[in-house]
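The opening residue of the sequence shown carries number 441 in my numbering; numbering runs sequentially from there. Where is the CB? At the ideal position from N, CA and C, for every residue including glycine. What follows is one structure encoded as structure tokens, with my remarks underneath.
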Amino acid sequence: MPSIAQASLAFALLLSAIGTYLGTSPPHPVTDDTEVPPTGDFMRQVGVGSKLGATLGPLPPVILATHLALLASFYPNIPRWLLLFRQQQSQIDPRYLTWSRATAIPLVVLAFAVPLRLVSYSALGTNFTFTLAKPDRLVTTGIYAHVQHPSYTALVAIVVANSVMTYRMKSALGCWTPDWMSGGGNEKLTKLHKWVVLPVWVAFGFYTMGMRVMQEEEMMRGAFGDEWETWHAKTARFIPGVF
Numbered sequence: 441m442p443s444i445a446q447a448s449l450a451f452a453l454l455l456s457a458i459g460t461y462l463g464t465s466p467p468h469p470v471t472d473d474t475e476v477p478p479t480g481d482f483m484r485q486v487g488v489g490s491k492l493g494a495t496l497g498p499l500p501p502v503i504l505a506t507h508l509a510l511l512a513s514f515y516p517n518i519p520r521w522l523l524l525f526r527q528q529q530s531q532i533d534p535r536y537l538t539w540s541r542a543t544a545i546p547l548v549v550l551a552f553a554v555p556l557r558l559v560s561y562s563a564l565g566t567n568f569t570f571t572l573a574k575p576d577r578l579v580t581t582g583i584y585a586h587v588q589h590p591s592y593t594a595l596v597a598i599v600v601a602n603s604v605m606t607y608r609m610k611s612a613l614g615c616w617t618p619d620w621m622s623g624g625g626n627e628k629l630t631k632l633h634k635w636v637v638l639p640v641w642v643a644f645g646f647y648t649m650g651m652r653v654m655q656e657e658e659m660m661r662g663a664f665g666d667e668w669e670t671w672h673a674k675t676a677r678f679i680p681g682v683f
């Protein structure tokens, strides 16, 4: 039987997996035949906002968080089969298996980010779409009276929190990664993953998000004109009172 501390961590991680799934899954069915606005839709173009992307996108973080919950529930006596590609338990950093800053901080971030994302879903209703589409009205009340893109703020927080907690070779991701892919003691491969693959992936993520915001704002400006301009001028984009 796991200790109270380990059981509570496993439960919190399982809740984070559920929250991540809810916060990264589309609130309405995604179709690829939605008309592309004149501004273009970069996220759909690269597959992130497509039906397939919306379906598969939530799975990796949810699987990793669920796996980490299982690892934590068995710690310090994790069965060999649960380690997958890891040969021994010592290859996983105990900080990701116990209550520590490495787990507590991301879980706290998720406790705020997931509700913010779901509130954004609720506020926009059917106007919240993964594919870029012209809404039938401009929502400037509720959370949108304080910030223009709360859903993107929440999404970035969800992705970052899961990344620092589970997308680590010393955490759940390492269990799913063969040695030849993770470096496996090869210093050159390890550096390649750390200094090339990861930065490129992060840069692509931020570029994709930036393109989405730019195209969405251009579409909203064209659809609602002065009404949008007035709201845009007095409302922060991502964090109230900051930017």
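Open item on the list: Check whether the region 475 to 485 and the region 648 to 661 touch, using three or more Cβ-Cβ pairs below 8 Å as the test.
Closed with: yes
Task: Start-to-end residues for the alpha helix (DSSP H) that takes in P469 - done: Counting along the chain, no alpha helix (DSSP H) covers P469, and no H or E run does either.
- [ ] Figure out for me which residue from S540, Q529, T593 and N567 has the closest Cα to the Cα of R557.
- [x] T593
Open item on the list: Using CA atoms only, rank isn't needed, just tell me which of R541, H589, V548 and V554 is closest to F568.
Closed with: H589
Task: Opening and closing residue of the alpha helix (DSSP H) in which F729 lies - done: What the structure shows of the chain is the stretch from 441 to 683, and residue 729 is not part of that stretch, so it cannot be assessed.
Task: Residues bridged to V587 (per DSSP) - done: A676
Open item on the list: Can you find the residues in the same chain that come closer than 6 Å, C-beta to C-beta, to V604, ignoring five residues on each side of it along the sequence?
Closed with: P546
Open item on the list: Assuming A392 is part of the alpha helix (DSSP H), what are its boundary residues?
Closed with: The chain is shown from 441 up to 683; residue 392 falls before or after that span and cannot be answered.
Task: Spatial distance of L510 from N517 (CA atoms) - done: 11 Å
Task: R526: first and last residue of the uninterrupted alpha helix (DSSP H) it sits in - done: Here R526 belongs to no alpha helix (DSSP H), and DSSP marks it neither H nor E.
- [ ] Would you kindly check if the distance between the Cβ of A612 and the Cβ of H507 is under 8 Å?
- [x] In this structure, A612 lies closer than 8 Å to H507 by Cβ.
Task: Top-ranked residue by Cα proximity to I458, from P498, P469 and G582 - done: Nearest of P498, P469 and G582 to I458, Cα basis: P498.
- [ ] State buried or exposed for P501, treating a residue as buried only when at least 16 other CB atoms are found within 10 Å of its CB.
- [x] buried
- [ ] Classify W620 as helix, strand or coil using the three-state DSSP reduction.
- [x] helix
Task: Residue range of the unbroken alpha helix (DSSP H) whose run includes Y561 - done: R541 to L564
Task: N- and C-terminal bounds of the alpha helix (DSSP H) containing F482 - done: F482 to Q485
Task: Sub-8 Å separation of A597 and A553 beta-carbons - done: yes
Task: Cα-Cα separation between I679 and L537, rounded to whole angstroms - done: 32 Å
Task: Boundaries (first-last residue) of the alpha helix (DSSP H) holding I503 - done: The continuous alpha helix (DSSP H) containing I503 extends over residues L499 to F514.
Task: Cβ-based burial, T670 [other Cβ within 10 Å; buried from 16] - done: It is exposed - the Cβ of T670 has fewer than 16 other Cβ atoms within 10 Å.
Open item on the list: Just to confirm the assignment, what range does the alpha helix (DSSP H) spanning K634 have?
Closed with: Run containing K634: none; DSSP gives neither H nor E here.
Open item on the list: Looking at T648: is its Cβ nearer than 8 Å to the Cβ of V486?
Closed with: Note that the C-beta distance between T648 and V486 is below 8 Å.
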